[in-house]
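J.: full-length UniProt numbering puts the sequence shown at residues 1 to 153.
For glycine and all other residues, C-beta sits at the position ideal for the given N, C-alpha and C.
Handing you this structure, nothing more for now.
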Amino acid sequence: MADYSPKQPLSRGSSLALQAGAVGTMVAALRNALGTHPYGAMGIITHTGSTIGLFAAAGFTYGYTKDFVANQRQKDDPINAASGACAAAFLGGLRTRSLPVAVTGCAVMGAAVGAFEYVGKLSPENVESKEDRRKKFFKSPPNFIIDPAQEST
Numbered sequence: 001m002a003d004y005s006p007k008q009p010l011s012r013g014s015s016l017a018l019q020a021g022a023v024g025t026m027v028a029a030l031r032n033a034l035g036t037h038p039y040g041a042m043g044i045i046t047h048t049g050s051t052i053g054l055f056a057a058a059g060f061t062y063g064y065t066k067d068f069v070a071n072q073r074q075k076d077d078p079i080n081a082a083s084g085a086c087a088a089a090f091l092g093g094l095r096t097r098s099l100p101v102a103v104t105g106c107a108v109m110g111a112a113v114g115a116f117e118y119v120g121k122l123s124p125e126n127v128e129s130k131e132d133r134r135k136k137f138f139k140s141p142p143n144f145i146i147d148p149a150q151e152s153t
């Protein structure tokens, strides 16, 4: 196995929190548009705003936990992703105020993301570089440059 390089959990967590918060904003806007309430356009913040916070918190939790576990174990493997997904799903389950839902979400999401990462690591496509895939997909461009030596004869 390759040498391990330490990760920055706060950096990854913050980045994923911003990305997940943006997705949460889109989901909140969709819920606001499809729901009926007297809040108008501000309903994105006032009525469905908790969705934004939940998505951002889950994104931060996943990113931070994944890198924190990787740093503790000094390994890059699917267990890191599974633990991050478990923590994020547990947080989502806590929102429902139900410990069984939180534990079930942890188990299901941890298993799903761990399996996804495990299968992705086994794929032979990971070995192939992007440039090799691009060369196989696209034709090589024709050479239209005329050799000056052939032109004079």
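(1) Distance check for residue 63 and residue 76, CA to CA, integer angstroms please.
(2) Looking at C-alpha atoms only, which residue of 36, 26, 72, 25 is the closest neighbour of residue 4?
(3) Assuming residue 13 and residue 54 make a contact with CB atoms under 8 Å, what is their CB distance in whole Å?
(4) Please say whether residue 56 and residue 20 have beta carbons closer to each other than 8 Å?
(5) Considering only their Cβ atoms, is the gap separating residue 131 from residue 78 smaller than 8 Å?
(6) Short check: CB of residue 28 to CB of residue 59, under 8 Å?
(7) Does the beta-carbon of residue 155 have 16 or more other beta-carbons within 10 angstroms, so that it is buried, or is it exposed?
(8) Let me know the secondary structure DSSP gives residue 143 once reduced to three states.
(9) Which ranges would you report for the alpha helix (DSSP H) in the stretch 66-143 if only whole runs of at least 4 residues count?
(10) Tell me which residues share the same chain as residue 82 and place their Cβ nearer than 6 Å to its Cβ, disregarding the 5 neighbours each side in the sequence.
T.: Taking the definition as stated:
(1) What you label residue 76 is simply residue 76 of the sequence shown in a count that begins at 1. What you label residue 63 is simply residue 63 of the sequence shown in a count that begins at 1. Taking the straight line from one Cα to the other gives about 14 Å.
(2) By 1-based counting over the sequence shown, the position of residue 4 is 4. Ranked by Cα distance from residue 4, the first of 36, 26, 72, 25 is 72.
(3) Here residue 13 refers to the residue found at position 13 when the sequence shown is read from its first residue. Here residue 54 refers to the residue found at position 54 when the sequence shown is read from its first residue. Their Cβ separation, rounded to whole angstroms, is 15 Å, which puts residue 13 and residue 54 out of contact at 8 Å.
(4) Looking up residue 20 in the sequence shown gives position 20. Looking up residue 56 in the sequence shown gives position 56. Contact: yes.
(5) For this step, residue 78 is matched to residue 78 along the sequence shown. For this step, residue 131 is matched to residue 131 along the sequence shown. For the pair residue 78 and residue 131, the CB atoms are not nearer than the 8 Å cut-off.
(6) Here residue 28 corresponds to residue number 28 of the sequence shown, with the count starting at 1. Here residue 59 corresponds to residue number 59 of the sequence shown, with the count starting at 1. Cβ atoms of residue 28 and residue 59: not closer than 8 Å.
(7) Since the first residue shown for the chain is 1 and the last is 153, residue 155 is missing from the structure and cannot be characterised.
(8) By 1-based counting over the sequence shown, the position of residue 143 is 143. Coil, per DSSP.
(9) 78-95, 99-122, 130-137
(10) Locating residue 82 in the sequence shown gives position 82, where the first residue counts as 1. 110, 113, 114, listed in sequence order.
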